[in-house]
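Scroll down for the structure; my scribbles are underneath it.
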Amino acid sequence: MFPVSTLRTAYAHPAKSPLSPLLPLAGWLTGLVGLGGYWLGTVLFPPSALPVLLSMAPVAGLTLARPESDFASYIGGRPHDRNAASANSGTTWLLLLLLTRFFVIQALFANEAFGLTVALKYGMAHSLSHWAVWSVSWSLPRSANDPDSSAERAQAPSVRVLATLAGLLPMLALVYLTTLWIYALFLVPLLLLRAGLIRRFRHEGGYTGAGLGTVQQLSEVLLYLSFVSLLWVSV
C-alpha cells in the first residue's frame, strides 16, 4: 500500500520532496479509491446519484480535501488581498466546480457498463491531473510570497520521464484496449490548460500550494468533460 501521509507531503511540497514523482501514482490511488466507492454504491443502493457521491467522498477523505481547499483559496485571492467578498467568490467557484464534477462523473458512468474501460477513463483523469501538478512544480520556481517557500530539489531527467510515464499509463492502456487513439488527443486541452496556468503563475512570481491544488482540480474536471463531450458527439 502507498504511504498515504508521505504522498500528502509530496503533494504539498512537490519541488522539495524526493517522492514528488510518485504524484501520478497517487492519482492511481485516488482513482482506485473512487472506483471502489462507486462500486460499493451500486451494490448497496439502486441506480441513483448516490454511487457518484460515494465515489467522491472517499477521495476527499484520502486527500483531506486539500486540492478543493487549495482551489477555493487560490480563487479567493492572495492572503493579504483577501476579504469577505473574495472568500465568497472562492466558495462559489468551488461549489460550481464540485457540481460540474458530480454531473460529468454521473454522465461518464451512466453511458457505459461499469468495467475496465470506464475504470481506465476514471483513472486517467486522476493520474494525468496529478501529473499536471507535478509537471507545473518543476517548470516554475515556488513563489517567494508562498508561506512555505524554501529550497527546492532538482530532479534528474530520468525521474521526469518515469513520472510522466506513470501519468500516461492509464491513457496508454485505454488506447490499447479500445484501439481508439482519440483518447490521446485529450492531452491537447490538458496541455493548453497547463500552459495557461504556468503563464499565470509565472506572472505571479511562481507557483504556490494553492495554485497546485487549482491545477489538479481543473485538470481532473477538464478530462471528465473531454470524455463526456466525446460521448455526446458520438451519438
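FYI, the numbering for the sequence shown is 1 to 235, going by our numbering.
Note that CB positions come from ideal geometry on N, CA and C, so glycine has one too.
For serine 143, there is no enclosing alpha helix (DSSP H), as DSSP gives it neither H nor E. Counting other Cβ atoms within 10 Å of its Cβ, leucine 180 stays below 16 and is therefore classed as exposed. If you ignore the 5 residues before and after threonine 91, its C-beta comes within less than 7 Å of the C-beta of Ala72, all in its own chain and listed in chain order. For phenylalanine 71, the enclosing alpha helix (DSSP H) has its first and last residue at 66–75.
Of the other Cβ atoms in all chains shown, 16 or more fall within 10 Å of the Cβ of valine 59; this residue is therefore buried.
A straight line joining the alpha-carbon of alanine 110 with that of valine 228 spans about 10 Å. C-alpha of aspartate 70 to C-alpha of leucine 218: approximately 12 Å in a straight line. Take the alpha-carbon of leucine 162 and the one of leucine 99: they are about 34 Å apart.
Per DSSP, the continuous alpha helix (DSSP H) segment holding alanine 163 begins and ends at 157–178. Taking C-beta atoms as the reference points, proline 157 and glycine 206 fail to come closer than 8 Å. Rounded to whole angstroms, the separation of the alpha carbons of tyrosine 74 and threonine 214 is 7 Å. The C-alpha of glutamine 106 is placed about 15 Å away from the C-alpha of phenylalanine 45. By the beta-carbon neighbour count (other beta carbons within 10 angstroms, threshold 16), histidine 126 is buried. Looking at the DSSP output, tyrosine 207 sits in a beta bridge with Arg142.
For the pair phenylalanine 102 and valine 52, the CB atoms are nearer than the 8 Å cut-off.
Residues of the same chain with a CB within less than 7 Å of the CB of alanine 49, apart from the 5 flanking positions on each side, are Gln106 in chain order. Closest in alpha carbon position to proline 67, among Ser226, Thr208, Leu191, Leu35, is Thr208.
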